[in-house]
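Which chain is which? The protein sequence lines are A and B, in order. Quick note: the first sequence uses numbering that gives the first Met the number 0, first residue 0, plus one each step. Quick note: the second sequence uses numbering that gives the first Met the number 0, first residue 0, plus one each step. Where is the CB? At the ideal position from N, CA and C, for every residue including glycine. The structure displayed is predicted, hence computed values, not measured ones.
There are 2 protein chains.
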Amino acid sequence: MDKLTTRQRQVLNFIRRSLQKNGIAPTRAEIAEAMGFHSKNAAVDHLKALERKGFIRLHSDLSRGIQLLDGSEAAGDEVDLPVTTLPVIGSVAAGSPIEAIENVEQQVTVPDGLFRQQPTYLLRVRGDSMKDAGILDGDLIAVRKTSQAQSGQIVVARIQDEVTVKTLLIKRNRPVLMPANDAYRPIIMAPEDLTIEGVFVGLIRDAG
Amino acid sequence: MDKLTTRQRQVLNFIRRSLQKNGIAPTRAEIAEAMGFHSKNAAVDHLKALERKGFIRLHSDLSRGIQLLDGSEAAGDEVDLPVTTLPVIGSVAAGSPIEAIENVEQQVTVPDGLFRQQPTYLLRVRGDSMKDAGILDGDLIAVRKTSQAQSGQIVVARIQDEVTVKTLLIKRNRPVLMPANDAYRPIIMAPEDLTIEGVFVGLIRDAG
DNA sequence: AAAAACACTGTACATAGTCACAGTACCTGT
DNA sequence: ACAGGTACTGTGACTATGTACAGTGTTTTT
Numbered sequence: 000m001d002k003l004t005t006r007q008r009q010v011l012n013f014i015r016r017s018l019q020k021n022g023i024a025p026t027r028a029e030i031a032e033a034m035g036f037h038s039k040n041a042a043v044d045h046l047k048a049l050e051r052k053g054f055i056r057l058h059s060d061l062s063r064g065i066q067l068l069d070g071s072e073a074a075g076d077e078v079d080l081p082v083t084t085l086p087v088i089g090s091v092a093a094g095s096p097i098e099a100i101e102n103v104e105q106q107v108t109v110p111d112g113l114f115r116q117q118p119t120y121l122l123r124v125r126g127d128s129m130k131d132a133g134i135l136d137g138d139l140i141a142v143r144k145t146s147q148a149q150s151g152q153i154v155v156a157r158i159q160d161e162v163t164v165k166t167l168l169i170k171r172n173r174p175v176l177m178p179a180n181d182a183y184r185p186i187i188m189a190p191e192d193l194t195i196e197g198v199f200v201g202l203i204r205d206a207g
Numbered sequence: 000m001d002k003l004t005t006r007q008r009q010v011l012n013f014i015r016r017s018l019q020k021n022g023i024a025p026t027r028a029e030i031a032e033a034m035g036f037h038s039k040n041a042a043v044d045h046l047k048a049l050e051r052k053g054f055i056r057l058h059s060d061l062s063r064g065i066q067l068l069d070g071s072e073a074a075g076d077e078v079d080l081p082v083t084t085l086p087v088i089g090s091v092a093a094g095s096p097i098e099a100i101e102n103v104e105q106q107v108t109v110p111d112g113l114f115r116q117q118p119t120y121l122l123r124v125r126g127d128s129m130k131d132a133g134i135l136d137g138d139l140i141a142v143r144k145t146s147q148a149q150s151g152q153i154v155v156a157r158i159q160d161e162v163t164v165k166t167l168l169i170k171r172n173r174p175v176l177m178p179a180n181d182a183y184r185p186i187i188m189a190p191e192d193l194t195i196e197g198v199f200v201g202l203i204r205d206a207g
């Protein structure tokens, strides 16, 4: 589906709102009036563009024959949207599995799809070693559990008994954990000492 | 609500089916054809009866202006978890109210209480002027709408027709909008040129 | 038994609404 | 520099649609 221009989105939103409020699609004239056009044909042009881009379907010679094609239906107002409750992991006790119940600080529910990759758990960040990557002390990061990660990804890693968040780089076959803060040093490791706990897929910050 | 006759129920059901299937109400002629009438006016009579009994509303002189009133859509409205669907505001059109429906890019549902202060809307951040505050290009920030803000808060402000996110400082009774990026300059303003649209209450980032 | 509602047919007309044609202006990518 | 998309204004033809008026016969309610 093609991208819409601002104006086209405005028209689409007006149609959607009309449909929701009145249960009926607007006419060209109504669109023109709502948008401030002096000619109905401005609306016609937009409708053609919306149809060409696959957002609506126009039924020819049919009064108010505008049908929305993009997911959000006219009638179906509230669907039970799928949500997942994720554990928030606070400070991780040395040596314990990261997801151990003891480490669960609270539960936070997030709607599925909030992040393009579905997270497995949330981790409360301690310290500012990743502040230049926009990850601050106290932030919740969404983590997808995996033991695989690629160079360049931000990962949750375990070194011996400590859990840390860093950017993973692979240099000359050796993993390097890069902080995003000049005050910290890269950590160069032997592959066997590094355990990837998961990859960073999103972030939630509460400014209070 | 009065009781319907068998025939009236059939007509109502046809309207409902039509609406569901085509997203648009039928005309008198379509009803007549579907029911086997030889005259449109048979349909008209039924519609009048349905309106009188409170099942539909007819918009006069309006093509396909049949609105269902019975609580068919009320069903399935139950939410087990308190969530709020917030509009995501993309680029804000010059001069338009920030929350204007035309600016809405998408809707995102967040559970109540995810942020300590309940946001009014989400705003997609453009540019990196706040990167040292951990707000990056493309992030969604949660904004609580208010015209009041205190020195030190991160605010969504409007200067003439432009909307921007900055830290608000009040110095010698003059508002200063501070970026969090050395490449940008503080904006010192006359109080009357500054409109506070809301305050920053949280942030959501999708790392994809 | 009469009134009122139900369930239609049939004609006619005004208006609501779509859509084609013509034209202006701006902006963007090649 | 040019083609094509975007974003409109303006006119007018033609069609779709709603609705009034005038009937016919049947069933239900009072």
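- prompt: What is the rounded straight-line gap between the Cα of A/Gly137 and the Cα of A/Asp127?
  reply: The sequence position of residue 137 of chain A within the first sequence is 138, counting from 1. The sequence position of residue 127 of chain A within the first sequence is 128, counting from 1. Separation of A/Gly137 and A/Asp127 (C-alpha to C-alpha, rounded to the nearest whole angstrom) is 9 angstroms.
query: Going by the beta-carbon positions, is the gap between A/Ile153 and A/Leu121 smaller than 8 angstroms?
result: Taking the first sequence and counting its residues from 1, one reaches residue 153 of chain A at position 154. Taking the first sequence and counting its residues from 1, one reaches residue 121 of chain A at position 122. Contact flag unset, no.
message: Whole angstroms are fine: how far does the CA of B/Gln149 sit from the CA of B/Val107?
response: Position 108 of the second sequence, counting from 1, holds the residue named residue 107 of chain B. Position 150 of the second sequence, counting from 1, holds the residue named residue 149 of chain B. Between the alpha carbons of B/Val107 and B/Gln149 lies a distance of about 28 angstroms.
field: Whole-angstrom distance between A/Arg63 and B/Gln7, CA atom to CA atom
entry: Taking the second sequence and counting its residues from 1, the one referred to as residue 7 of chain B is at position 8. Taking the first sequence and counting its residues from 1, the one referred to as residue 63 of chain A is at position 64. For B/Gln7 and A/Arg63, the distance between alpha carbons rounds to 25 angstroms.
- request: Could you work out which residues of chain A lie near B/Ile134, taking near to mean beta carbons separated by less than 8 angstroms?
  value: Against the second sequence, residue 134 of chain B aligns to sequence position 135. In chain order: Gly133.
task: Quick one: list the residues of chain B neighbouring A/Gln66, beta-carbon separation under 9 angstroms, in chain order.
output: Here residue 66 of chain A corresponds to residue number 67 of the first sequence, with the count starting at 1. Simply Asn21, Gly22, Ile23.
query: Listing by chain order, which chain A residues have their CB less than 7 angstroms from the CB of B/Gln7?
result: Sequence index remark: in the second sequence, residue 7 of chain B carries index 8 (1-based). Neighbours of B/Gln7 on chain A: none; closest Cβ ~19 angstroms, over 7 angstroms.
message: For A/Ile203 and A/Pro178, what's the separation of their Cα atoms in angstroms?
response: Translated into the one-based positions of the first sequence, residue 203 of chain A becomes position 204. Translated into the one-based positions of the first sequence, residue 178 of chain A becomes position 179. Looking at the backbone, the Cα of A/Ile203 and that of A/Pro178 are separated by about 20 angstroms.
message: I'd like to confirm the pairing. Which residues does DSSP put opposite B/Lys144 in its beta bridges?
response: Walking along the second sequence from the start, residue 144 of chain B turns up at place 145. DSSP lists B/Gly197 as the beta-bridge partner residues of B/Lys144.
message: What are the residues in the region 35 to 64 of chain B lying within 7 angstroms of chain A by C-beta distance?
response: Hits within the stretch, in order: Ser62, Arg63, Gly64.
message: Residues of chain B with CB closer than 9 angstroms to the CB of A/Leu122, please, in chain order.
response: Taking the first sequence and counting its residues from 1, the one referred to as residue 122 of chain A is at position 123. What A/Leu122 touches in chain B, judged by beta-carbon distance under 9 angstroms, is nothing: the nearest beta carbon there is about 13 angstroms away.
- prompt: From the beta carbon of A/Leu202, is the nearest beta carbon of chain B less than 8 angstroms away?
  reply: The residue given as residue 202 of chain A occupies position 203 in the first sequence. For A/Leu202, the answer is yes, since a Cβ of chain B falls inside 8 angstroms of its Cβ.
- request: Leaving out five residues on either side along the sequence, give the residues of the same chain with a beta carbon under 7 angstroms from the beta carbon of A/Ala48.
  value: As a first step, residue 48 of chain A must be located in the first sequence, where it is residue number 49. Result list for A/Ala48: Gln7, in chain order.
task: Flag B/Gln149 as yes if its beta-carbon sits less than 8 angstroms from any beta-carbon of chain A, otherwise no.
output: Numbered from 1 along the second sequence, position 150 holds the residue referred to as residue 149 of chain B. So, not an interface residue.
- request: Sort out for me which residues DSSP pairs A/Met177 with in a bridge.
  value: Along the first sequence, read from residue 1 onward, the residue named residue 177 of chain A stands at position 178. BP columns for A/Met177 point to A/Thr166.
Neighbourhood of A/Val124 by C-beta, 8 angstroms cutoff - its chain only, sequence neighbours within 5 removed: Taking the first sequence and counting its residues from 1, the one referred to as residue 124 of chain A is at position 125. Once the five neighbours on either side are set aside, the close Cβ partners of A/Val124 are Ile134, Leu135, Asp136, Gly137, Asp138, Leu139, Ile140, Val164.
message: Any beta carbon of chain B sitting closer than 8 angstroms to that of A/Gly94?
response: Counting from 1 along the first sequence, the entry for residue 94 of chain A is found at position 95. For A/Gly94, the predicted structure reports a pLDDT of 43, less than 50, and the residue's modelled location is therefore unreliable. A value from the coordinates is still provided. Not one chain B Cβ lies under 8 angstroms of A/Gly94.
message: Taking its Cβ as the centre, do 16 or more other Cβ atoms sit within 10 Å of A/Ile290, making it buried, or is it exposed?
response: With chain A represented from 0 up to 207, any question about residue 290 of chain A goes unanswered, as that position is not in the structure.
Within 7 angstroms of chain B by C-beta, residues of the region 170 to 182 of chain A in sequence order: For the region 170 to 182 of chain A, the beta-carbon criterion of a distance under 7 angstroms to any beta-carbon of chain B is satisfied by none of its residues.
query: Thinking C-beta only, is B/Ala24 closer than 8 angstroms to B/Ala42?
result: Looking up residue 42 of chain B in the second sequence gives position 43. Looking up residue 24 of chain B in the second sequence gives position 25. In this structure, B/Ala24 does not lie closer than 8 angstroms to B/Ala42 by Cβ.
- request: Could you tell me whether any Cβ in chain B is nearer than 8 angstroms to the Cβ of A/Thr108?
  value: Translated into positions along the first sequence, residue 108 of chain A becomes position 109. True, the Cβ-Cβ gap to chain B drops below 8 angstroms.
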